[in-house]
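Below is one structure, written out as structure tokens, with a few remarks after it.
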Amino acid sequence: MDTVFLAETMGKLLAGLPLTIELAIISISAGAVLATILALFRATSPIAEAIVRGYVFTLRGTPLLLQIFLIYYGLGQFAEVRHSILWPFLRQPYWCAILALTINTSAYGSEIIRGGLQSVPAGAIEAGRAAGMSRLLLTRRIVLPIAIRQALPAYGNEMIAMVKATSLASIVTLMEVSGIAYAIISETYRAIEVFLCAGAIYLTLNFLLTRGLAVLERWLNPHLVQSRT
Amino acid sequence: MDFDAYFQLIGFGPKGWGALLLQAAAMTLAVSASAFAASLVFGTLGAWAKLSGVRAAAVASETYTTVLRGIPDLLVIYLFYFGGSSVMTAIGHMMGHEGFLGLNGFTVGTLAVGVVAGAYQTEALRGAFLSIPKGELEAARAVGMGRLLMLRRIIAPRTLRFALPSMGNVWQQVLKESALVSVTGLAELMRQMHVAAGSTRMPFDFYITGFLIYLALTTLSGFGFRAAEVHTMRPERRS
Amino acid sequence: MFLRRLLPLAALALIAAPFASEAKDWKKVVIATEGAYPPYNMHAPDGKLIGFEIDLAMDVCKRVNLECSFIAQDWDGIIPGLNAGKYDAVMSGMSITPKRLEVIDFTHAYTNSPTTFLVEKGSPLAKMASPGRVSLDDKAGTDAAIAAIKPLLKGKIVGVQVSTIQSDLLNAFLKDTVEIRTYKTTEEHDLDLAAGRVDAALASVSYFSSTLNKPGGDKFTMVGPLLTGGMLGKGSGIALRKTDTDLKALLDKGLLAAIKDGSVKALSMQWFKADISAAE
């Protein structure tokens, strides 16, 4: 294998890494916030539940690629959208990609957090109430910490899925790692080498993410670590 | 939105794209079904390798699942599409075959989506196998069942039953991922939707139609899997 | 790493047989086209490929007794696909350029259409100087033409299709002046020009004439110099693998005959409403 070409390609691809990381961090964080709101909102009333269920159902039942196209090219079809105050954002591929990724992950995330919420023992909530905690305090001090701890492993998988999903941003002209990979292939026609390099970048990224999550999990579950020793 | 114009656009008239979209939806189902079948093969091999107790096999299988679950599916599809042909041509030359060997979009979709989904299938099947009560296997051994008979009568049916819910998820994933195969030019739903959107300058109309078709496909097949789950769980309830 | 290589290999070996293509004495030729570059090639609502190149191929193939068929293939993978043997030829408005000649071969050109900008009529860019044809082989003329449009283009976003002669042109002359946004298809930059995401698009005159004929096309106009020659190449030809010299000879024979008797010109008039056929 041509190591000079591999090194050169790696260098070019790494130039797209900041954008890939940026897309992943923003959409994962915004998605997690939205997911938490959706999961909490869902529990408030039957109507709220129906709305959130519909949201989750439609977004989990369709390909992310199509969601990106719908937001990017689809919305641009309407003059009303192009003349609205949202257009300065929707005009840019960057924000369209972030919007699509965020909406998509929030649907999956809200289901994971819902699972976490359900795993909060009723006794813990009762104890909180008995101690006179307000609803908000109860949510903040008891419910969310337990729910997040429970949901973290599954949410970790969702984060990895999102890191992979950022590659679809290349479809709407963003030059992140995959976008640059396409460009190099169309110049050099050496697909295998380019994708080996790009693949290595994503694997490293996800490996670091997995390690980080493992550390976080141990930190969130100190009682488990102690019992193991 | 002008609904008359919309229905003319996606309808079956002379200027309508309806027939093409139906064909494309059928292609999406075909490539998904074939990728799902491939994922079962890869998944079975992967799970078997992990459970075999042979260290090299387990490490190999672990590498397979880690790598494929960590790389964007789009990259895997391109790897198979462009890389696949070079590899095949090289193999062809080794076997004395002149000229080029190519993989068509359908084969690429089947293999690429199948290999990715196979990594998830591996975990589903492994988990299902581990949830077979040890007593059942011991009982089978006690009555003198051979390995093959045990596999056929106990392990395969029990694993399949326990794996069914996860397999339903993998199927949904395959169906949605098949949209990425559009980059190879295969005339499936996503690709034709994009072609129609570009040709008519009506992207929203076509993408929203595609959105609804995918939703219908995932929902209907979801019902199918749930029905299968209920069906296979019946003996459990009776006992 | 080892397993990832091994698995697909094993799988490919298993299914290699049904997709094997025999060594050819050129009876049947499979031609790839993008199907999204009207009027060169496009999809009809029933999914069939139609366009100038499809008609031209049928004419040329008949002349040399070849049975030609078309398949659709995305532009960004069209050359790797050719070299990987997925098809035998490419007819997709592909310009013959020195860079492409490094990896593939071409027949004689069949069309030669200049490159220019498309903008919205009301846009400030509509006032861009349009001095007519400028050949890139004429360095002084090119520099003057580029210098004339630079001030207007400063800071604007220009859409262009990935790995085209037009994207090379932007990178060579206007990289520091404009923000270049690359698309997988020309139709996508048209959609974004209509939506106002890009200020101008750069493509061939022949392609833009089809854009103007589409619904809503009347709000656009072509501006700027009509660039040809140099890195823009010698026009569009049929792309072939370097190894298939026998096929090149056959197709060249048919193509030159079609140019000579005016068939290419007639097809050009029919599809482009203008004669952009290449000279002999």
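The listed protein sequences correspond, in order, to chains A, B and C.
Per the numbering used here, the very first residue in the first sequence carries number 1; after that it's consecutive.
Per the numbering used here, the very first residue in the second sequence carries number 1001; after that it's consecutive.
Per the numbering used here, the very first residue in the third sequence carries number 2001; after that it's consecutive.
For every residue, glycine included, the Cβ atom is placed at its ideal position computed from N, Cα and C.
Since we're looking at a predicted model, the values are computed, not measured.
If you ignore the 5 residues before and after I113 of chain A, its C-beta comes within less than 7 Å of the C-beta of A35, T36, A39, A147, A151, all in its own chain and listed in chain order. B:Y1081 is the residue among B:F1129, B:Y1081, B:L1021 whose C-alpha sits nearest the C-alpha of F1106 of chain B. Annotated three-state conformation of K2139 of chain C is helix, per DSSP. Cβ-Cβ separation between P2045 of chain C and G1016 of chain B: approximately 7 Å, consistent with a contact (criterion under 8 Å). The beta-carbon distance between G74 of chain A and I1213 of chain B, rounded to whole angstroms, is 15 Å. This is too long to meet the 8 Å contact definition. Per DSSP, reduced to three states, the secondary structure at D2076 of chain C is helical. In chain order, A2195, G2196, R2197 make up the part of chain C whose C-beta sits under 8 Å from the C-beta of R91 of chain A. Here P2045 of chain C carries a coil assignment [DSSP, helix/strand/coil].
Contact with chain B is absent for Q118 of chain A, since none of that chain's Cβ atoms lies less than 9 Å from the residue's Cβ. Rounded to the nearest whole angstrom, the CA to CA distance from G2141 of chain C to K2099 of chain C is 23 Å.
Fewer than three beta-carbon pairs drawn from the stretch 1193 to 1207 of chain B and the stretch 1219 to 1229 of chain B are found closer than 8 Å, and the two stretches are therefore not classed as touching. For the 9 Å CB-CB criterion, F69 of chain A and M1193 of chain B form a contact. The continuous alpha helix (DSSP H) containing A147 of chain A extends over residues 144 to 165. Residues T166, E176, V177 of the same chain have their beta carbon placed closer than 6 Å to that of T20 of chain A, with the five preceding and five following residues left out of the count. A straight-line Cα-Cα distance of about 39 Å links L1009 of chain B and S29 of chain A. Note: R2133 of chain C is bridge-paired with C:L2226 in the DSSP secondary-structure output.
Going by DSSP, E2179 of chain C is part of the beta strand (DSSP E) stretching over 2179 to 2183. Contact annotation for E187 of chain A against chain C: S2163 [CB-CB distance below 7 Å, chain order]. By the Cβ test, the stretch 1036 to 1046 of chain B is in contact with the stretch 1114 to 1126 of chain B, since at least three Cβ pairs between them sit closer than 8 Å. Taking the CA atoms as reference points, L1215 of chain B sits about 21 Å from V1183 of chain B. Taking A48 of chain A as the centre and dropping the five residues before and after it, the same chain places the C-beta of F41, R42 closer than 7 Å to its C-beta, in chain order. The C-alpha of V1031 of chain B is placed about 10 Å away from the C-alpha of A1038 of chain B. By the 16-neighbour rule on beta-carbons within 10 angstroms, I2054 of chain C is buried. Distance from the Cα of I71 of chain A is smallest, within the candidate group A:Y55, A:L220, A:W95, for A:W95. A Cβ-Cβ separation of about 14 Å leaves V2064 of chain C out of contact with K2260 of chain C under the 8 Å criterion. Annotated as proximal: R141 of chain A and G128 of chain A, with beta-carbon spacing under 9 Å.
Nearest Cα to L2169 of chain C within the set C:D2190, C:I2146, C:D2076: C:I2146.
Straight-line spacing of the CA atoms in V2030 of chain C and T1028 of chain B works out to 24 Å. Note on F1162 of chain B: 16 or more other CB atoms within 10 angstroms of its CB, so buried under the neighbour-count rule.
When beta bridges are read from the DSSP output, V2160 of chain C appears opposite C:T2182. The alpha-carbon separation between D2275 of chain C and F1206 of chain B amounts to approximately 34 Å. In this structure, M2231 of chain C lies near A2172 of chain C, with their beta-carbon atoms less than 9 Å apart. The alpha-carbon of L66 of chain A is positioned some 16 Å away from that of M162 of chain A.
For the stretch 37 to 71 of chain A, the beta-carbon criterion of a distance under 7 Å to any beta-carbon of chain B is satisfied by T58, G61, T62, P63, L65, L66, F69, L70. Under a 10 Å Cβ-count criterion, H2189 of chain C is classified as buried, with 16 or more other Cβ atoms of the shown protein chains found around its own Cβ.
Taking a beta-carbon distance threshold of 9 Å, R1201 of chain B counts as an interface residue toward chain A.
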